[in-house]
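Chemist: Residue numbers (the numbering used here): 45 to 500. No residue lacks a Cβ here, since even glycine has one placed at the ideal position from N, Cα and C.
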Amino acid sequence: MPDKQIERIQILNSRPEGHGRYILYWMQQSLRSRHNHALEYAISCANRRGVALVVCFGLTTDFPGARLRHYHFLFEALVELEMELASRGIRLVVVEGSPPEVAIELGKEARLVVTDRGYLRIQREWRTKVAASLTCPLHQVEGDVVVPVESASTKEEYNAANLRKKITPLLERFLAPVPELKLETPSRELTLHLGAFAHSLHRPAELVSRENSLGIHPEPGPVTYYAGGTSAAERLFHEFLDTKLERYDEDRSDPSLNCVSRMSAYLHFGMISPVYLAREARASGLAGAGAYVEELVIRRELSMNYAFYNAHYDRYEGLPTWARTTLEEHRGDTRRAIYTENQLQNAETGDPYWNAAQRELLETGAMHGYMRMYWGKKILEWRPDPQEAFEIALRLNDTFQLDGRDPNGYTGVAWCFGKHDRPWPERDVFGKVRYMNAAGLERKFKIKDYAARWSG
Ligand SMILES: Cc1cc2nc3c(=O)[nH]c(=O)nc-3n(C[C@H](O)[C@H](O)[C@H](O)COP(=O)(O)OP(=O)(O)OC[C@H]3O[C@@H](n4cnc5c(N)ncnc54)[C@H](O)[C@@H]3O)c2cc1C
């Protein structure tokens, strides 16, 4: 890793280095073998000490909110990851069990454990637990944002404009490439002691074939629109560079044109690096590159800032006071329509554009970005209680979106309820929270084409 990016590394405990046989990379977020800061750092640690590197992934089959749709995508990626790491001489161990417990068990024979970083509460709790339980050091390496969250800002930012001012001067430094190192002591044949997890070892290919018997919540099931893994992500992204990026700035908002990269699920699972995406977009020299980097870096990393600095990032309480006050004042306003959560889930509202967006989500595991805003605003409009509307929107988002359960999802839903936005002229139901309506969609886009595409 370039020295100038030392802020990517954090030492999470103060244990002395062990005498173990290997370096362990506990890979729990950045599920890729390319452009992975934590992996390259772990290889350099192994080479410097003349020992092997083992990579482990702890598989919990009841990650909060995760369903078969998400696990299938994950398992496909693990199959590719195992092969790619093997081609670099590295053994990937996939162990079913609580991820921190798996890391602690394999960490018993490690000199040093390296891990990657996640901003969700559960991801942070896992790392805190491992740091406290290991008898060797735990180093955390940030590779799933361009600018590590504390380097970008030391506080919760009010909006994108404030964060942009802070991130822009740091971009060049943190967009340096991630040089690929060769592991000098291969670990493919290393015997591992798994203790209580001895019978919980899985080959990724087996996971795909046995996914229905692992006790995973089966609904919603897998989608065929997106295949998991870095190669699938890179293929989609190159198609985007070749056919869409040039027009991204003008056309990205129109749901009928689908002029977007569809990278969010891959970013969510760490199957693709944001540094790689931003570098490739900029290197293309195409007109849309600046707008793309704005979404990928500023908007996305504003979400990480929110998740990191606001303990209520996934709750109604995380909304700004002005937004909660105005929504409370309008709680009693008459709604033109009210739909149950089931009607919403099944795309059974009286709004053909909203139903189309929900059908796109049910079928493909994703929804066009502009429609996500409209979708969330309408849920607020169609439920009598704004807090309940917030919770329904999050539940539907996290259950059906392949990229759900992500700082971006919590922030996106919160945005529909006023987060990172300003007060607007007051009106019924929404109060001072920004309002969206079908007439706006009809005025700006070929929205009837979109509705026809997802007519059911
Ligand atoms: C109600 C609502 C719910 C959302 N839920 C999620 C979610 O669960 N997971 C998720 O990853 N994103 C979520 N978003 C943010 C955004 O809509 C998606 O990231 C984007 O539509 C993904 O499509 P894409 O990769 O084709 O985007 P592109 O337009 O190609 O953008 C490239 C990348 O930039 C980032 N990005 C784009 N738009 C935004 C944005 N508004 N905020 C933050 N980052 C952005 C994403 O990482 C995206 O992959 C939500 C937005 C709203 C309003």
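Less than 6 angstroms between the CB of residue 373 and some heavy atom of ligand 3, yes or no?
Modeler: Ligands displayed in this structure: ligand 1; ligand 3 is not among them.
Chemist: Does the pairing of the stretch 268-281 with the stretch 305-316 give three or more beta-carbon distances under 8 angstroms?
Modeler: Output reads yes: the stretch 305-316 touches the stretch 268-281.
Chemist: What separation, rounded to the nearest whole angstrom, lies between the Cα atoms of residue 74 and residue 237?
Modeler: Along the sequence shown, one-based indexing puts residue 74 at 30. Along the sequence shown, one-based indexing puts residue 237 at 193. Taking the straight line joining both Cα atoms gives about 24 angstroms.
Chemist: Determine, using beta carbons only, whether residue 264 and residue 366 come nearer to each other than 7 angstroms.
Modeler: As a working note, residue 264 is residue 220 in the sequence shown. As a working note, residue 366 is residue 322 in the sequence shown. No, Cβ-Cβ distance for residue 264 and residue 366 is not below 7 angstroms.
Chemist: Do residue 436 and residue 385 have their CB atoms nearer than 7 angstroms?
Modeler: Numbered from 1 along the sequence shown, position 392 holds the residue referred to as residue 436. Numbered from 1 along the sequence shown, position 341 holds the residue referred to as residue 385. Closer than 7 angstroms, so yes.
Chemist: Check residue 404 in the structure and name its three-state DSSP category.
Modeler: Counting from 1 along the sequence shown, the entry for residue 404 is found at position 360. Of the three classes helix, strand and coil, the one that applies to residue 404 here is helix, per DSSP.
Chemist: Beta carbon of residue 244, beta carbon of residue 394: below 7 angstroms?
Modeler: Taking the first residue of the sequence shown as 1, we reach residue 244 at position 200. Taking the first residue of the sequence shown as 1, we reach residue 394 at position 350. No, the pair does not count as a contact, with Cβ atoms beyond the cut-off.
Chemist: Could you compute how far the alpha carbon of residue 288 sits from the alpha carbon of residue 333?
Modeler: Taking the first residue of the sequence shown as 1, we reach residue 288 at position 244. Taking the first residue of the sequence shown as 1, we reach residue 333 at position 289. Rounded to whole angstroms, residue 288 to residue 333 spans 10 angstroms at the Cα level.
Chemist: Taking the alpha-carbon positions, what's the residue 371 to residue 425 distance?
Modeler: By 1-based counting over the sequence shown, the position of residue 371 is 327. By 1-based counting over the sequence shown, the position of residue 425 is 381. The straight-line gap from Cα to Cα measures roughly 11 angstroms.
Chemist: By Cβ distance, which residues of its chain are closer than 7 angstroms to residue 201, with the 5 residues on each side in sequence left out?
Modeler: For this step, residue 201 is matched to residue 157 along the sequence shown. Excluding sequence neighbours, residue 201 sits near 207, 346, 349.
Chemist: What does DSSP give as the partner residue(s) for residue 69 in the beta ladder?
Modeler: Counted from its first residue, the sequence shown places residue 69 at position 25. Paired residues: 99, 158.
Chemist: Report yes if the C-beta distance between residue 102 and residue 146 is below 7 angstroms; otherwise report no.
Modeler: Position 58 of the sequence shown, counting from 1, holds the residue named residue 102. Position 102 of the sequence shown, counting from 1, holds the residue named residue 146. Result yes, Cβ atoms of residue 102 and residue 146 sit closer than 7 angstroms.
Chemist: Should the stretch 248-260 be called in touch with the stretch 123-140, which here means at least 3 C-beta pairs below 8 angstroms?
Modeler: Yes, since at least three Cβ pairs between the stretch 248-260 and the stretch 123-140 fall closer than 8 angstroms, the two stretches touch.
Chemist: Do you know whose CA, among 300, 183, 216, 203, lies nearest residue 190's CA?
Modeler: Against the sequence shown, residue 190 aligns to sequence position 146. Here the closest residue by C-alpha is 216.
Chemist: On the DSSP bridge assignment, give the partners of residue 37 in chain order.
Modeler: Residue 37 lies beyond the range of the chain shown here (45 to 500); nothing can be said about it.
Chemist: Count the CB pairs spanning the stretch 460-478 and the stretch 371-380 that are closer than 8 angstroms, and state whether there are at least three.
Modeler: Yes: at least three Cβ pairs fall under 8 angstroms.
Chemist: Quick one: what does DSSP say residue 475 is sitting in, helix, strand or coil?
Modeler: Counted from its first residue, the sequence shown places residue 475 at position 431. Reduced to three states, the DSSP call for residue 475 is strand.
Chemist: Ordered along the chain, which non-local residues of its own chain (more than five positions away) have a Cβ less than 8 angstroms from that of residue 49?
Modeler: Along the sequence shown, one-based indexing puts residue 49 at 5. Closer than 8 angstroms at the Cβ level, and outside the excluded window around residue 49, lie 81, 217, 218, 220.
Chemist: For residue 163, which residues from the same chain have a beta carbon less than 8 angstroms from its beta carbon, with the 5 sequence-adjacent residues on both sides left out?
Modeler: Within the sequence shown, the letter at position 119 stands for residue 163. Cβ neighbours of residue 163 beyond the five flanking positions: 193, 348, 351, 352, 451.
Chemist: Given this structure, state the Cα-to-Cα distance separating residue 463 from residue 204, to the nearest angstrom.
Modeler: Along the sequence shown, one-based indexing puts residue 463 at 419. Along the sequence shown, one-based indexing puts residue 204 at 160. For residue 463 and residue 204, the distance between alpha carbons rounds to 11 angstroms.
Chemist: Pick from 166, 460, 500: whose alpha carbon is nearest that of residue 362?
Modeler: Looking up residue 362 in the sequence shown gives position 318. Residue 362 has its Cα closest to that of 460, out of 166, 460, 500.
Chemist: Report the CB separation of residue 211 from residue 342 in whole angstroms; it is logged as a contact under 8 angstroms.
Modeler: Your numbering for residue 211 matches position 167 in the sequence shown. Your numbering for residue 342 matches position 298 in the sequence shown. Rounded, the Cβ-Cβ distance is 6 angstroms, consistent with contact.
Chemist: Going by Cα to Cα distance, which pick from 457, 279, 314 is closest to residue 360?
Modeler: One-based indexing of the sequence shown puts residue 360 at position 316. It is 457 whose Cα lies nearest to the Cα of residue 360.
Chemist: Can you give me the C-alpha to C-alpha distance between residue 119 and residue 285, rounded to a whole angstrom?
Modeler: Residue mapping note: residue 119 aligns to position 75 of the sequence shown, counting from 1. Residue mapping note: residue 285 aligns to position 241 of the sequence shown, counting from 1. If you take the alpha carbons of residue 119 and residue 285, they lie about 27 angstroms apart.
Chemist: Regarding residue 349 and ligand 1, is the C-beta to nearest heavy atom distance less than 6 angstroms?
Modeler: To locate residue 349, count along the sequence shown from 1; it is residue 305. Not so, every heavy atom of ligand 1 lies at least 6 angstroms from the Cβ.
Chemist: Counting beta carbon pairs with one atom in the stretch 50-68 and one in the stretch 150-161, are three or more of them shorter than 8 angstroms?
Modeler: In short, these stretches touch, since the Cβ pair count reaches three.
Chemist: Can you list the alpha helix (DSSP H) stretches of 4 or more residues lying completely in the stretch 399-451, in chain order?
Modeler: DSSP runs (the alpha helix (DSSP H)) wholly in the stretch 399-451: 413-426, 430-444.
Chemist: Would you please state the rounded distance, in angstroms, between the beta carbons of residue 65 and residue 86? I believe it to be under 8 angstroms.
Modeler: Within the sequence shown, the letter at position 21 stands for residue 65. Within the sequence shown, the letter at position 42 stands for residue 86. That pair is no contact at about 15 angstroms.
Chemist: Return the chain-ordered list of same chain residues with a C-beta closer than 7 angstroms to the C-beta of residue 471, the five sequence neighbours on each side being excluded.
Modeler: Position 427 of the sequence shown holds residue 471. So the qualifying residues of the chain are 479.
Chemist: Here's a check: name, in chain order, each residue in its chain whose Cβ is nearer than 7 angstroms to the Cβ of residue 89, leaving out the five neighbours to either side.
Modeler: Taking the first residue of the sequence shown as position 1, residue 89 is located at position 45. So the list reads 67, 156, 158, once near-sequence residues are dropped.
Chemist: Mind checking who residue 140 pairs with in its DSSP beta bridge?
Modeler: Translated into positions along the sequence shown, residue 140 becomes position 96. Beta-bridge pairing links residue 140 to 103.
Chemist: Select from 410, 445, 69, 182 the residue whose C-alpha is nearest the C-alpha of residue 304.
Modeler: Working through the sequence shown from its first residue, we reach residue 304 at position 260. The option with the nearest alpha carbon to residue 304 is 410.
Chemist: Cβ of residue 497 versus every heavy atom of ligand 1: is any distance shorter than 6 angstroms?
Modeler: Here residue 497 refers to the residue found at position 453 when the sequence shown is read from its first residue. Because no heavy atom of ligand 1 lies under 6 angstroms away, the Cβ of residue 497 does not count as near it: no.
Chemist: May I ask which residues mark the beginning and end of the beta strand (DSSP E) holding residue 183?
Modeler: Counting from 1 along the sequence shown, the entry for residue 183 is found at position 139. Its beta strand (DSSP E) spans residues 182-185.
Chemist: At what residue ranges does the stretch 283-333 contain a whole run of the alpha helix (DSSP H), taking only runs of 4 or more?
Modeler: With a minimum length of 4 residues, the continuous alpha helix (DSSP H) runs that stay inside the stretch 283-333 are 292-295, 308-312, 318-328.
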